[in-house]
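Last residue of the sequence shown: 607 in UniProt numbering, with the numbers rising by one and none dropped. To start, the structure itself, in structure tokens.
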Amino acid sequence: MSTVINPHHKIYWWQQVNRKISIAKQEPANLIGIVLLGLFAYLIAAPVISILTNSALVQAGDSTRVHAAEGTFTSYYVTRAMTSRMSELLLWRPLMHTLSISVTAVLCSVAVGILLAWLINRTNLKGKKWFATALIIPFMLPTWTFALAWNTIFKNRTIGGQPGWLEALGVQVPDHFAYGFFPVVIILSVHYIPLVILIVGNALKRLDGQLEECARILKASRRTIAFKIILPLVRPAILSSALLIFADCIGEFAVPYILGLPVHYDTLATGLYRSIDSRQTGVAAVLAGVIMLIGVITLLIDTRMMREARRFVTVGGKGQTAHQHNLGKLQWLMVSFVIVFILCSVITPLLTLFLSTVMILPGRFSADNFTLDYWIGHNLDTIALHNGILLTPEFWHAAWNTLWIVGSASVCAGIFGLLVGYAVMRTSFPLISQSLRQITFLPYLVPGIAFAAAYLSLFAVPTGPIPALYGTPAILILALIAEKMPFASRSGIAAMTQLGKESEEAARIAGAGWITRITRIITPIQAGPLTTSILLPFISGIKGVSLFIILAIPATDVLTTYSLRLIDYNYDQAANAVVLMIACLALGGTILIQKISGTGLSQGLES
Numbered sequence: 001m002s003t004v005i006n007p008h009h010k011i012y013w014w015q016q017v018n019r020k021i022s023i024a025k026q027e028p029a030n031l032i033g034i035v036l037l038g039l040f041a042y043l044i045a046a047p048v049i050s051i052l053t054n055s056a057l058v059q060a061g062d063s064t065r066v067h068a069a070e071g072t073f074t075s076y077y078v079t080r081a082m083t084s085r086m087s088e089l090l091l092w093r094p095l096m097h098t099l100s101i102s103v104t105a106v107l108c109s110v111a112v113g114i115l116l117a118w119l120i121n122r123t124n125l126k127g128k129k130w131f132a133t134a135l136i137i138p139f140m141l142p143t144w145t146f147a148l149a150w151n152t153i154f155k156n157r158t159i160g161g162q163p164g165w166l167e168a169l170g171v172q173v174p175d176h177f178a179y180g181f182f183p184v185v186i187i188l189s190v191h192y193i194p195l196v197i198l199i200v201g202n203a204l205k206r207l208d209g210q211l212e213e214c215a216r217i218l219k220a221s222r223r224t225i226a227f228k229i230i231l232p233l234v235r236p237a238i239l240s241s242a243l244l245i246f247a248d249c250i251g252e253f254a255v256p257y258i259l260g261l262p263v264h265y266d267t268l269a270t271g272l273y274r275s276i277d278s279r280q281t282g283v284a285a286v287l288a289g290v291i292m293l294i295g296v297i298t299l300l301i302d303t304r305m306m307r308e309a310r311r312f313v314t315v316g317g318k319g320q321t322a323h324q325h326n327l328g329k330l331q332w333l334m335v336s337f338v339i340v341f342i343l344c345s346v347i348t349p350l351l352t353l354f355l356s357t358v359m360i361l362p363g364r365f366s367a368d369n370f371t372l373d374y375w376i377g378h379n380l381d382t383i384a385l386h387n388g389i390l391l392t393p394e395f396w397h398a399a400w401n402t403l404w405i406v407g408s409a410s411v412c413a414g415i416f417g418l419l420v421g422y423a424v425m426r427t428s429f430p431l432i433s434q435s436l437r438q439i440t441f442l443p444y445l446v447p448g449i450a451f452a453a454a455y456l457s458l459f460a461v462p463t464g465p466i467p468a469l470y471g472t473p474a475i476l477i478l479a480l481i482a483e484k485m486p487f488a489s490r491s492g493i494a495a496m497t498q499l500g501k502e503s504e505e506a507a508r509i510a511g512a513g514w515i516t517r518i519t520r521i522i523t524p525i526q527a528g529p530l531t532t533s534i535l536l537p538f539i540s541g542i543k544g545v546s547l548f549i550i551l552a553i554p555a556t557d558v559l560t561t562y563s564l565r566l567i568d569y570n571y572d573q574a575a576n577a578v579v580l581m582i583a584c585l586a587l588g589g590t591i592l593i594q595k596i597s598g599t600g601l602s603q604g605l606e607s
């Protein structure tokens, strides 16, 4: 039986296709989406694919060792990292250290964070408005601020150089307390406790107080209310914060570098750095792949948890304000607990770093031991540091590099984020929209140290018309743009979601071109989100370590790499001074964001 095709139907179908193509051509978002998709495929997907393929291809200089031609397929690096006599040192021991640090830090930060979130949001704790802001400051500071403060106080003679304050005062500090697992866990826990406060606290704020009131009317005990009502409703927030902390700890580099390497306590991140530093590119690719895999699995689980969270949404109208628990006799005990935490996590580290920069000999608090030489001194009695940092050209060179490299990348990331939002919300093709969403989110699944290794893999050698970029500012700017796109793109998409097409359509009818509509209408309306999407990557980039430690060279030193180089030279006072400058920039920038966005400090970070 033959099918007769009506020619009129064929003509109608072809007219419809032509009409859709004609409409698509008139929408600039389609072309922008295609261009951005190609750009981010090269800047984001290509480096990740490159580092993964390096683990299966013979690398330069390894032909004799592998007994195969360069560029051919091999399982040598995977075997060496996983099953050889060196595998314990290269992979399995660092992996166990990384997992033990991450799991313990998660447990500690979640336990303390839940308590503090409850005190701030669900009790009559005195001074809790001030505490709500003070408690999030540790999350705004670089993690290695705490590591350097710990080193200043507890450093012993294991690694030479100047001793810590306690050792200078005659107190012997054991290695397991000064370095390795214990201090790394303490510091990461302190850094991430504010994240738990923000995420869990937000869930507690949105909890409908009517549920608890009904339970009280029915004579339910406090234990029943806590474990049968409140805990199930905030459990998704607890799990989400735990998984995010775990994913961040997997790729943490600076703290294990400062407090782990002196006693050969390697993690995956420091092991990756050592492999790259010793030119074991193939093994580094395997370690980067393991870090990426753990990060992807963790954040996919987090995504699943967010979907599961819908089961815990309370149904009803406008909820009643949650009941504020009266602390009674525990009031001053809880206030003291919060004050002690702030003292240990904010005031003590910053004060320790500052005092260390004005002391000639550590741990001696007499008046004649204080000096400003490490800030503004001349002709210091050191081999490589002749003046205080404020009078050292290398410091200002690193500061200038930080400002213009991170600043350029942040501006580009903010602009690209707005364009991604425009393309995602305006394009006629759902495939382009979904692809842009996914590819700009990919760097969030890859820890920074692994992403830096991926960039080194792709751009260390010429690729087609693109020359080798390693050793130039260009590779730092491109890597920063790509790494910050998850935040910039989400900000742009959120901003464009709230902007209807009416104003742009009116301008189009009036004859305004696309450039005019973008510059005269969309950009002024989205000035606030655009500014935030520029400042957030800028602050994050200023205090970042992982990208720079892999991709920067002395000519492209930024403040973070310059301070780590001073640490390697045992110039602790000068290194701490540089870190204080970074911390001030990070704190000041964060406050500036909140001023621009018009929200309080804790509210802004919570969002």
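The C-beta atom is built at its ideal place from N, Cα and C for all residues, glycine as well. Since this is a predicted model, take the numbers as computed values, not measurements.
The residues I542, in chain order, have a CB closer than 6 Å to that of L585 in the same chain once the five nearest residues on each side in sequence are set aside.
As computed with DSSP, F370 is found in a beta bridge with M359.
Here A577 is near Y374, since their CB atoms are less than 9 Å apart. Per the coordinates, the alpha-carbon of L385 lies some 16 Å from the alpha-carbon of Q162. With a cut-off of 8 Å on Cβ pairs, the segment 472-480 is not in contact with the segment 67-87, counting fewer than three such pairs. Shortest Cα-Cα distance from G33 to any of N401, T267, G421 involves G421.
Taking the Cα of D62 as reference, the smallest distance to any Cα among I51, Y77, F182, L391 is reached at Y77. Sequence-distant partners of A460 (beyond 5 residues in either direction) whose C-beta falls short of 7 Å from its own C-beta, in its chain, are A468, Y470. The residues P94, F253, P256, Y257, G260, L261, in chain order, have a CB closer than 8 Å to that of T270 in the same chain once the five nearest residues on each side in sequence are set aside. As DSSP reads the structure, H325 sits in a beta bridge with T123. Counting only residues of its own chain and dropping the five nearest sequence neighbours on each side, N121 has a CB closer than 7 Å to the CB of G201, L204, K205. By DSSP's assignment, I466 forms a beta bridge with T463. Taking each of I250, T143, A247, I136 in turn and checking the Cα distance to L195, the smallest one comes out for I136. For L480, the uninterrupted alpha helix (DSSP H) run begins and ends at 473-497, by DSSP.
In the structure shown, L380 falls within a coil segment according to DSSP collapsed to helix, strand and coil. Contact check for G251 and A450: beta-carbon distance about 7 Å, within the 8 Å limit, so the pair qualifies. Taking 8 Å as the upper bound for CB-CB distance, I193 and V103 are not in contact here, some 16 Å apart. In the pairwise beta carbon analysis, the segment 544-560 is classified as not touching the segment 333-347: fewer than three pairs are separated by under 8 Å. The beta carbon of V106 sits closer than 6 Å to the beta carbons of A242, I245, F246 from its chain, once the five residues preceding and following it are set aside; these are given in chain order. One alpha carbon belongs to L350, the other to A583, and they sit about 9 Å apart. Boundaries cannot be given for F365, as no alpha helix (DSSP H) includes it and DSSP labels it neither H nor E. Here the alpha carbon of K155 sits roughly 10 Å from the alpha carbon of L148. In this structure, the alpha-carbon of G544 lies about 31 Å from that of M425. CA-to-CA, the gap between A29 and Q280 works out to about 44 Å.
For P47, the enclosing alpha helix (DSSP H) stretches over residues 46-54.
Beta bridge pairing from DSSP links F73 with L57. Counting only runs of 3 or more residues that sit fully inside the segment 242-272, no beta strand (DSSP E) segment turns up. Assignment of H176 by DSSP, reduced to helix, strand and coil, places it in the helix class. For S50, same chain residues with a beta-carbon under 8 Å away, outside a window of 5 residues either side, are A454, S457, L458 in chain order.
The beta carbon of T72 sits closer than 6 Å to those of V58, all from its chain and outside the five residues before and after it, given in chain order. In the three-state reduction of the DSSP assignment, P142 falls in the coil class, being assigned neither a helical nor a strand state. DSSP places R437 within a helical segment (H, G or I) once states are collapsed to three.
Taking C-alpha positions only, T357 is separated from A117 by approximately 35 Å. Restricting attention to I297, R364, F146, T98, the CA atom closest to the CA of L343 is found in F146.
Y571 carries a coil assignment under DSSP once its states are collapsed to helix, strand and coil.
Closest in C-alpha terms to T556, from the list L403, G588, T392, N326, comes L403.
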